[in-house]
Amino acid sequence: MEHLRKLDLLVPTWTDPDSEHAVHPRVGLSGLVERRRGELTTQLNALRQAESSAEVIAEQYNELLTSRSSGDVEVLKGRANASRRIEELGMKAKDTFWGMVPAHIDDTIHPVEGSPDMPLLERGLKMRTIYLQSMTVSKPGFDYAATLHRMGGEVRATPTLPMRLLIFDQEIAIMAMDPENPTAGAVIHRSPAVVSVALALFDSYWSRATELFAPEDRDNNTPLSPHEAEVLRLLAGGAKDEQVARLLGISLRTARRITANLSERLDATSRFELGVAAAKRGWV
């Protein structure tokens with residue numbers, strides 16, 4: 040009874056203040072609905088305010104991670120700070136990710152499920168990675184490299200590497216702050232001149248490195264990534280490359296590359312053959 044009174048579903052009778060009567064359901068429930076709508080509006084406004092605050096906090100956090108910035112350069116002190124910033128940049132990458140990784144097996148290999156490389160491949164980025172040969176001779180290292188290859192990444196190995204170097208979209212180059220101390224942090228360069236030098240260095244080592252897997256070693260039965268599945272669905276519906284890129288929020292070059300990779304996997308020479316082959320596999 041007390042609960043009904045709190046909900047205004049049980050109110051005093053006008054003619055007899057000592058008596059109570061139930062409110063008509065239409066009136067009572069309408070009042071409850073309005074009250075609940077008001078509570079939800081208040082919560083929604085609070086959520087929007089929290090989202091705005093989160094954006095401000097994220098920007099402040101980035102400023103804390105960046106101990107010193109000047110124009111096209113960010114200096115990140117400490118491995119943890121550098122890793123967080125690199126992960127953030129990876130989430131924003133659209134087309135390519137090149138990497139030289141002169142690390143030992145214990146410093147490099149993650150479980151496949153938690154690897155930062157997998158989300159990049161699943162999003163359709165073209166990936167090239169150069170590892171040390173000493174890493175790939177171990178079973179965990181070779182298995183990890185094989186997984187990257189099956190997912191569409193290109194992997195090579197070389198006896199030596201001068202430094203750790205990561206390049207996103209051929210526009211951002213990330214280098215170790217101190218090549219002799221991997222825990223020191225990283226320096227992020229956006230200057231076209233520095234990025235060009237980084238690309239030249241990467242290309243030099245890539246051209247001399249050993250290809251670990253032949254193209255035919257790629258597992259064509261590997262499940263589709265979410266981006267690949269969505270591209271196939273859109274293509275099956277008659278979408279052009281431009282529409283696919285716009286609907287998925289990716290670049291036109293990435294959309295075309297995903298289509299080309301799918302055609303290669305299914306040995307298709309046209310959109311029609313790609314659709315037929317994909318249908319036979321139950322992908323569309």
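So in my numbering the end of the sequence shown lands on 323, straight run, no missing numbers.
By construction, the Cβ of each residue, glycine as well, lies at the ideal position given by its N, Cα and C atoms.
Cα-Cα separation, residue i to residue j
i: leucine 115; j: arginine 124; result: 8 Å
i: proline 179; j: glutamate 303; result: 28 Å
i: serine 327; j: valine 226; result: As shown, the chain starts at 40 and ends at 323. That puts residue 327 outside it, with no answer to give.
i: leucine 83; j: glutamate 210; result: 39 Å
i: valine 234; j: isoleucine 206; result: 8 Å
i: methionine 214; j: alanine 278; result: 40 Å
i: aspartate 242; j: valine 95; result: 39 Å
i: leucine 79; j: lysine 45; result: 19 Å
i: leucine 313; j: glutamine 172; result: 37 Å
i: proline 155; j: glutamate 126; result: 7 Å
i: isoleucine 289; j: arginine 203; result: 28 Å
i: valine 112; j: alanine 212; result: 10 Å
i: threonine 249; j: proline 198; result: 9 Å
i: aspartate 146; j: leucine 71; result: With a pLDDT of only 49 at aspartate 146, under 50, the local geometry of the prediction cannot be trusted, and the value read off the model is given with reservation. Each residue's Cα considered, the two are about 59 Å apart.
i: valine 315; j: tyrosine 244; result: 40 Å
i: glutamate 41; j: aspartate 55; result: 19 Å
i: alanine 97; j: serine 122; result: 16 Å
i: alanine 239; j: glutamine 88; result: 46 Å
i: proline 231; j: glycine 276; result: 40 Å
i: arginine 76; j: leucine 43; result: 19 Å
i: alanine 85; j: glutamate 73; result: 18 Å
i: valine 50; j: serine 69; result: 15 Å
Spatial neighbours of residue i in its chain, beta-carbon cut-off 7 Å, leaving aside the 5 residues before and after
i: glycine 191; result: Leu160, Asn300
i: phenylalanine 181; result: Thr175
i: threonine 135; result: Leu164, Lys165, Asp208, Gln209
i: arginine 310; result: Leu274
i: arginine 107; result: Legend: pLDDT at arginine 107 = 48, less than 50; position of this residue unreliable, value from coordinates given subsequently. Here the set comprises Val114.
i: lysine 133; result: Asp208, Ile289, Ser290, Thr293
i: threonine 52; result: Ser58, Glu59, His60
Own chain residues within Cβ distance below 6 Å of residue i, not counting five before or after
i: arginine 118; result: Thr222
i: aspartate 306; result: none
i: aspartate 57; result: none
i: glycine 67; result: Leu48
i: arginine 295; result: Asp280
Nearest residue (CA-CA) to residue i, options the options
i: glycine 224; options: Met216, Ser230, Pro231; result: Met216
i: tryptophan 322; options: Arg285, Ser309, His266; result: His266
i: valine 62; options: Asp47, Thr80, Ser246; result: Asp47
i: histidine 228; options: Asp208, Pro201, Glu219; result: Asp208
i: glycine 138; options: Met40, Ala85, Arg195; result: Arg195
i: serine 246; options: Thr298, Arg87, Arg167, Ser173; result: Arg167
i: methionine 157; options: Ala121, Val140, Met40, Tyr183; result: Tyr183
i: isoleucine 169; options: Ser177, Ala142, Arg162; result: Ala142
i: lysine 131; options: Gly276, Val140, Arg162, Ala121; result: Arg162
i: isoleucine 297; options: Glu41, His60, Glu269; result: Glu269
i: asparagine 220; options: Glu90, Ala185, Leu240, Pro201; result: Pro201
i: valine 140; options: Thr81, Pro218, Ala185; result: Pro218
Where residue i sits in the DSSP three-state scheme
i: lysine 133; result: coil
i: isoleucine 289; result: coil
i: lysine 9; result: A query on residue 9 cannot be resolved here, the shown segment of the chain reaching from 40 to 323 and no further.
i: threonine 80; result: helix
i: valine 234; result: helix
i: threonine 186; result: helix
i: proline 218; result: coil
i: leucine 160; result: helix
i: alanine 19; result: Outside the shown range of the chain, which is 40 to 323, sits residue 19, and nothing can be said about it.
i: threonine 298; result: helix
i: leucine 273; result: helix
i: histidine 228; result: strand
i: histidine 60; result: strand
i: lysine 116; result: strand
i: isoleucine 75; result: In the sequence as displayed, the identity of residue 75 is arginine instead of isoleucine. Helix at arginine 75.
i: lysine 279; result: coil
Contacting residues, own chain, Cβ-Cβ under 8 Å from residue i (five flanking each side not counted)
i: proline 64; result: none
i: leucine 291; result: Asp280, Glu281, Ala284
i: lysine 319; result: none
i: glycine 237; result: Note that residue 237 corresponds to alanine in the displayed sequence, not to glycine. The residues are Leu204, Ile206, Ala212, Met214, His228.
i: leucine 128; result: Phe207, Ile211, Ile213, Ile227
Residue i: CB within 7 Å of a non-hydrogen atom of the ligand FAD
i: leucine 187; result: In the structure on display, the ligand FAD does not appear, and there are no ligands present to speak of.
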